[in-house]
Amino acid sequence: MAHLAHYKEAHPLPFVITHWINLVAMICLIITGFLIHFPVSGTMGVARGVHVFFGFVIFINCVVRMIMSLFVKSAPTGGTRKQTADFKSWLPQKDNRHQAGAWIKYYLFLKKDHPLSAKLGVPQKLSYLLIPILIILMFITGLALWTPTAGALAGFTSFFGGAMSVRIIHYFGMFVFIIFMFIHVYLANVEGTEPTKLMFFHKEHGGLVYDPDKHVIVGDDNLQPRNE
Amino acid sequence: MARSIIDPITRIEGHMRVEMEVENGTVREAWVSGGSFRGMEKVVEHRKPEDAAQIVQRICGVCPVSHNHASTIAAEKAYGIKIPNRARIIRNLIEGAQFLHSHILWLYNLAALDYVNPINAVTGNADVKLAYDIAQGGAVPELGVPLPAPLSVSSDLYEVSARLNKFASNGQLSIFSGNWFEAKDVDGGSAYHLTPELDLILTSHYLEALKYQARSSEIAGLLGGKMPHVMTIIPGGTAFVPTAQKLDDLWAMVNEVYDWVEKTLIPDTLALAVAYPEGLTWGGGCGRFGAWGVFERGSLAYNDRYMPAGVLATKGSLEVSDLDESLITEYVGRSWYEGEGTFTAPDFTTNPKFTEYDVNDRYTWCKAPAYDGKALECTSLSRVLVAYARGQQPEYAKKNAWMVEQVDNFLGAIAPVALAVGKTPLEAAVSMLGRTAIRQLETLYIAQLMKDWTAELIATVKGGSLEDIAAMEGMEAADFASTNMTDYFEKPTTDTGAGSGFWEAPRGALYHSEKVSGGKIDGYQIIIPTTWNLAPINQNGEHGPIEQALMDGCPVFDGTEGDLEMPINALRLIHSYDPCVSCAVHVTDVKTGKKFSTVTNPWGVK
Amino acid sequence: MEQETSTVDFGSMLEARGVSRRDFLKFCGALAVAAGLSQAAAPRVAIALEKSVIGAKEGGLFPVLWIEGASCTGCTESFAQIETPDVGKIVLELISLNYSDVLSAGAGYSVELAKKQTIESGSPYIVVYEGGITQGFGSNTLRVAMETGEEILCHAAEHAAAVVALGSCAVNGGWMAAYPNPAQATGVQAILKKHNIGTPVVNIPGCPANPEWLMSVLVQVLMMGGAEALVAGDVPAVVKTLGLDGEGKPQGIFGQTIHDNCERRGHFENGEFVYEFGSKEEELGYCLYPLGCKGPQTKSNCGVTMWNNRRSWCIQAGSPCLGCCEANPNDPGDNWVEVNTPFYERHRDLHIGDWFFQPTVVAGAITGIVALALIIHGFGMKKSGRTDGGAPFEQRRAWDVKNPDKSIGQYEYSIYEDNDPVVLQKAQQEIAKQYEQATEEVAEAAEAAAEIEEGR
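Chains as they are written, first to last, in our numbering: chain B, 12 to 239; chain D, 67 to 672; chain H, 81 to 536.
Structure follows, in C-alpha cells:
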C-alpha cells in the first residue's frame, strides 16, 4: 500500500457524471463507427442515428466539462481533501515540475520508486489536454462527413484535402481514442482498482496523505475514523 | 521537292503531326509524330489490378472499353480466373457497342469530311428532289448511271437543306473553319468529287450518324453505367446484373442500331468508292497484318474469337500464324526516350527524355514496335484479313464463314478497278480506300452479333439449356465444360501472378500486360494499335506503317508553290488508319536495378 | 524548304490557289443565293470570308475554341453523346465551333489559322479546354503545331471571355497527376495563375465530364445573361450568373453529393448492401457502399442527369462510384485517382514513397502494438511488484536532490525525511496519529461551530 489516499474530493460528483457520459458515449461511438465503416445488414440506419446522437453528446459533454472546470473545485493532487479550481489541475502545477522524465523512467522500469506528483502526472496531463482537442476535431470532421454539402464546412474539408482525407482523419482519430482508452484503463487499474472505484462510484480508499502546498507526503490515512 | 506538313491532324483522337517530303506529286518520305506524353504505366504501378482496369481506360476516350477489357483479361490471366459465361456475353455486348459507336463516328463524323463537302450542298444548290431520286436508285446526272446501291434516306432532306442554308446565311463557319474544302487533287481539280445532291444526302447521314453513334454508346451506357469510360467490366467478370427491364431496353437498342447500319453504311461506302476509285491504287503500307482477336466465344481461346487472332507476317500472303508474344519488340532510338534500346515483350523499359523535334534523329513520343523485327499494320483491315485467312483454314472455316463471304463480295466489287491498275483485288484492298471501306463490313458484322448476343443473354438469364446456348455461339456443349453458366463474377483466389491481355480496340491490336504481387501491380506494359501504326523509323531503318503507306504513292497536289498546306490525300490516308494518338504514347517504368531481366539490349537495364 | 505560310493575306492565298477575286465573289454570290439572301448580301459574306477562314466574325453563334491538351478525347466523346440538343444542332445553330481537334473539317495550318483569327477577332469567345497540361520537359510532353501545351493554353486563354476547364484532367491534372505524376500534369486554373492570366475559369470535373453539365453552362452563357457579363469582362457577374462556388465549379451541379441523390439511398438507410459483385443483392439494387462506393464524398449530380441520354449511370449499372468528379483546382495532388484508389475499398491507400497501404492496416497495427506493449508492461509491473498499489514513493524528487536550493518539496515536513526504515515506520505511525488527532480536532471544532451556529 504505497499509493496516495483516494478521496472523493479528487473527483467531485459533476465530474463523475461527465466521466460516465464519456465512457458510454465513447463506447457507443466506437461500436457504431465500426458498423458504419464495415456495414452489417440492417444496422446502418440505427448505427448512424446513434453515432450522430452520441457525437453531439460527447461534444456537449466535453464543452460542459471544460466550462465546469473553471468554477467547480477539485483536489489538485491525490491524498488530500484540499480543493482548488479544477482547471488548475489541467494546467502545469508546481507538483509536476521536472517530473516528466521521472514518470517515463518509472514506467520503463528505469526508476524503482514512484514519482511524486500532482493528481495528474506529466504524461497523463498531456494526454488529457489532447482529448478535448481530439473530441472537437472529431466533432468537426464528423459534421463535415455528416453534412458534406454544408457551405460552412466546405472550406474546412478542402483545407484537409477533400472529403476522403477528412474521412481518414476521422478514422485515425477513432484509433487514437481506442489507444488512449487502452492506456487510460490500463494505467488506472494496473496498480490497483481503487482509482476506478473512486471515479465511478465515489468509493474512497485510504493511503498516504500528500500536502499540495508543501509538495511532500505528510502522512498516512486509513480512513478508519472518517469512513462514511 | 517540297515539304508538306499537317500539324495538327484533326478528326482523330490525340495530337499528331505528319511531315512529308513531296516530289513529283507524291510523297517521297514521311515522318509522323505523336505529340503528347502522359505516363500511364507509372500511374497504375503500386495500385490494384482492379483499379488499373479502370484507370487505363483514360488512355483513350474513343476506345476506353478495349483498354478496360484488355487490362481486365491481363488481370484474369494473372489470377487464373475463368469468367462466367454471362459475364462474357455482357462484356462482348459492351465491347461491341463501343466498336459500333467508334466505327460509325469514325466513318461519318471523322473521315467523311475528307470526301463529303456539306457546304457544297448549299453553294452547289443541291436539288432536293433529284437527291431523293438518286437515293432511290435514279441515275446520277454526272455519271449517267445509278449508284451501285440505293442510299438510305431516313431524314427529311428538305429540312437538312434548309438547316444548311440557315447555317450558311449566318456566315460563321463553325466546324468548317479553315475551309479545307478548297483542297485540290493532283490534277488541280477539286479534291471533293461528290455532286451537291450526294453531298446533301451524305450530310444528312453525317447528322444521323451523330445520333446512332450516340445510340451505340448508349448501349455501352446501359450495360456499363456510362460511356466513355464504362464501369462494369472488372477482373473476374462484370458488375452488371441484368434485369428484365434492362434486357428489354437492350433488345430495342441493338435492333435500332442494326437497322440503321444495315441500310446506310454499305451503300454509302459503295457510293464513295464510285466517286474516289483512285483511292484503291495507293496507300498500301507495310503489308504485314496483326490481329490479337476480339469478342470472346465460349472457349475463351484467342483463335476462336469472333474476330480471331492471327498474324499475316508475309507481305502479299494469306498465310496466317498464331500470335507469339516473344516476337513483339519495341525500339526507342527515334523517340523521346532515353537510350536506343530494343526490348522484348513483356519486358519493355523506357524513360522519357525530350530532346528536340528532328526528323533525322528523334521526332515523336511514340515508340517503334515490331513483330519479328518488322513493322506490322494493326487496323480493322488487319482483323478482317486475318478472319478471312482463318476462314480458309478448315478448323475455323465455319466460325468465319460470314466474313469470308462478305470479303469475297467486296473483292469482287473492287476487281474492275484493281485489274485496271494491274493489281489483284486483294492487293487493291490493301490501299487507302480499301482500308477505309472494309471497316464497314466489320461494323455490319458486329451490329448483327449484338442482336445474337442479346438473344443469347436472354436465353441464359432465362435458364436456357447448355446445348441451345452453345449452338447460339456456333460451338458444342463440350466447349463450355468447366464454364460457370449462372454467375456474373468470379472472385480471385490469389493475389500474385503475371498475365497478358491480347485484345482489339476498334482501331487495331491492343496488348496490356501486368505483373501483380501481393495484390499490387509491380510492372505494367501497354502496346496500342496506333503505336504499331504510328511507329517512327525502327531499329532496321524501316519506316512505320503509316509512314510507309504515305510513301506508297500518296498523291499530293504541288502544282502551285505554297499549296502544300492541304495535302488532303495524306489526311485521308491517316484517317483510314483511324489513329488514336494519345493511346499510342505512354511510358513504362524502370528504376535502377529493378526487376526486368529479359531485354535484348545492354541499355535495357539501367 | 518548308512551305508553312505565316502571313495572313487572303487575297494572295486565293491567287495562290488559282482563284481570281471575281471567281471568289461569284462563289460568295452563289452561297448567298443558296442561303435565300438577296444578291446584295453577297458582298457582306464575301467581306466576312475574305477577312477570315472562320467566316463572319460575328453572327448568331457564339464562337468557341475547343482545345485539347493532354487528353484522351473522352470529354469530346462524351459531349458527342448528347442528344438534347444533338451535336449537329449545337455546332450549326448554337455555337460557332471554330477549332476542335475532333470535329474540325480542316486540319493543320488552316485550323491553326482559324484559331488565331478567332483569338484576334476582338469579339468575345469561350475556350473549352479538355485534358491536363503536362509540364514535363518544359511542357514538351504536350506539343501541337510546334507549340508546347502551356503556350497553347496561355495564348488561347489570354483574350478569352472565359475558359471552361472541362473534365477532371483540365481541372487539376486528373489521373495524370496521380503519384508519381510522371508528366508533371496540372490543371488550367493553376497554369493561368502561374502566368498571371486573369480570365475566369469555370471548372467542370468528371471523367469524362457529363455533356449535360457543359450544356448547362453554355445555356447559362447563351440564354440566361452570362454572355453580357462575359462580354463586359465582369468577373463577379460571371461567377454569379454561372453560380460558381469557391473552386469555380457550378454549384447547381457540384453542390450536392452523389449519395444525396442516389437511387439506392433508401437501401443504404435500411442497411441493405451489396457485398459482392454480381450477387443476388446487386440484382435487387441494394447499396454499393461496402464495395467502396465513393458516392458519399463525391460531389456531382450524376444521379439526376445520369449518362448517355439519361439511359443509366454507374451506380444503376452495378458499379460503385469511383469518385471521378473529385478534383481540387488548387491542388493536383487532390485528384480523383490519388484520392479514391483502391476504388473498391472504403478508404484510399496512403503511401510513403512506393509503399502503399490502407489506413486500417497502419491504425490496426499501431493499436495492436500498443495493446501488446501494455500486456508486456503489465507483466513487468506484476513482476516488479507494482500491481498492488504501485512502488513506494520516491523520498525526494531527483531534481530537488540536485538543486536543493530550489527544492520544490518541503521535505522537512515529509514523513520520508529519515531513511531508516524502522525510524521511518515509527515516524509514519506517529505522524498518522498526529494527523488523525488533528483531523478529529478539526471535525470537533467544526461540529462545535455548527452547534454555535444553530444555537443562534
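Built from N, CA and C at the ideal position, the CB exists for glycine as well.
Taking only beta-carbon positions, decide if residue i is within less than 7 Å of chain B.
i: histidine 427 (chain H); result: yes
i: leucine 380 (chain H); result: According to the sequence shown, residue 380 (chain H) is serine rather than leucine. Chain B contact via Cβ: absent.
i: tyrosine 209 (chain H); result: no
i: isoleucine 511 (chain H); result: yes
i: tyrosine 491 (chain H); result: yes
i: leucine 246 (chain H); result: no
i: threonine 266 (chain H); result: no
i: glutamate 534 (chain H); result: no
If contacts are defined as beta-carbon pairs under 8 Å, then residue i and residue j qualify, I think. What distance do you get, rounded to the angstrom?
i: leucine 266 (chain D); j: alanine 178 (chain D); result: Incorrect: roughly 13 Å between the Cβ atoms, too far for contact.
i: lysine 292 (chain D); j: tryptophan 393 (chain H); result: 6 Å
i: serine 99 (chain D); j: threonine 597 (chain D); result: Not a contact, Cβ separation roughly 13 Å.
i: glycine 149 (chain H); j: glycine 212 (chain H); result: 6 Å
Under 7 Å, Cβ to Cβ, is there at least one residue of chain H near residue i?
i: methionine 709 (chain D); result: A question about residue 709 (chain D) goes unanswered here, because the residues of chain D that appear run from 67 up to 672.
i: lysine 134 (chain B); result: Note that residue 134 (chain B) is proline in the sequence shown here, rather than lysine. No, because no Cβ of chain H sits closer than 7 Å to the Cβ of proline 134 (chain B).
i: valine 229 (chain B); result: yes
i: tyrosine 139 (chain B); result: no
i: cysteine 432 (chain D); result: no
i: histidine 125 (chain B); result: yes
i: alanine 174 (chain B); result: yes
i: phenylalanine 103 (chain D); result: yes
i: glutamate 95 (chain D); result: no
i: histidine 226 (chain B); result: yes
i: methionine 297 (chain D); result: yes
i: histidine 81 (chain D); result: yes
Have a look at the options and flag the residue whose alpha-carbon is nearest the alpha-carbon of residue i.
i: tyrosine 324 (chain D); options: D:Ser566, D:Val450, D:Pro184 and D:Ile285; result: D:Ile285
i: serine 235 (chain D); options: H:Arg223, H:Glu173 and H:Asp314; result: H:Glu173
i: alanine 236 (chain H); options: H:Cys249, H:Tyr179 and H:Ala265; result: H:Tyr179
i: glutamate 225 (chain D); options: D:Glu608, D:Val211 and D:Ser270; result: D:Ser270
i: asparagine 72 (chain B); options: B:Gln104, B:Gly44, B:His30 and B:Pro103; result: B:His30
i: tyrosine 117 (chain B); options: H:Gly460, H:Glu534, H:Ala526 and H:Ile488; result: H:Gly460
i: leucine 219 (chain B); options: B:Ile151, B:His125 and B:Ser169; result: B:His125
i: arginine 76 (chain B); options: B:Tyr139, B:Val227 and B:Ile190; result: B:Tyr139
i: lysine 225 (chain B); options: H:Ile495, H:Val133 and H:Tyr209; result: H:Ile495
i: arginine 371 (chain D); options: D:Ala543, D:Tyr437 and D:Ala453; result: D:Ala453
i: arginine 477 (chain H); options: B:Ala111, B:Ile179 and B:Phe45; result: B:Ala111
i: leucine 81 (chain B); options: B:Thr95, B:Pro103, B:Gly66 and B:Pro50; result: B:Thr95
Should residue i be flagged as near chain D, meaning a C-beta pair shorter than 7 Å?
i: serine 184 (chain H); result: yes
i: glycine 168 (chain H); result: yes
i: alanine 443 (chain H); result: no
i: glutamate 362 (chain H); result: yes
Can you pull the chain C neighbours of residue i, defined as C-beta to C-beta under 8 Å?
i: tyrosine 179 (chain H); result: Of the protein chains in the structure, B, D and H, none is chain C.
Pull the bridge partners of residue i from the DSSP assignment, please.
i: tyrosine 577 (chain D); result: D:Phe568 and D:Ile593
i: serine 70 (chain D); result: D:Met86
i: glycine 218 (chain B); result: B:Asp232
i: arginine 223 (chain H); result: H:Thr228
i: threonine 686 (chain D); result: For chain D, the structure presents residues 67 to 672; residue 686 (chain D) sits outside this window and is missing.
i: tyrosine 397 (chain D); result: D:Thr408 and D:Ala434
i: asparagine 408 (chain H); result: H:Asp411
So is the beta-carbon of residue i under 6 Å away from any non-hydrogen atom of the ligand SAM?
i: arginine 69 (chain D); result: Looking at this structure, you won't find the ligand SAM or any other ligand, since it has none at all.
Proximal residues, the region 246-272 of chain D versus chain H, C-beta separation under 8 Å: Trp246, Phe247, Glu248, Lys250, Gly254 and Tyr272
Please list the residues of the region 460-489 of chain H that have a C-beta atom closer than 7 Å to any C-beta atom in chain B, keeping them in chain order. Gly460, Met461, Ser464, Arg466, Thr467, Asp468, Gly469, Gly470, Ala471, Pro472, Phe473, Glu474, Arg477, Ala478, Trp479, Ile488 and Gly489
Please identify, using Cβ separations under 7 Å, the residues of the region 101-117 of chain B that lie next to chain H, in order along the chain. Lys105, Arg108, His109, Gln110 and Ala113
Under 7 Å (Cβ pairs) to chain D, residues found in the region 364-393 of chain H: Trp387, Asn388, Asn389, Arg391, Ser392 and Trp393
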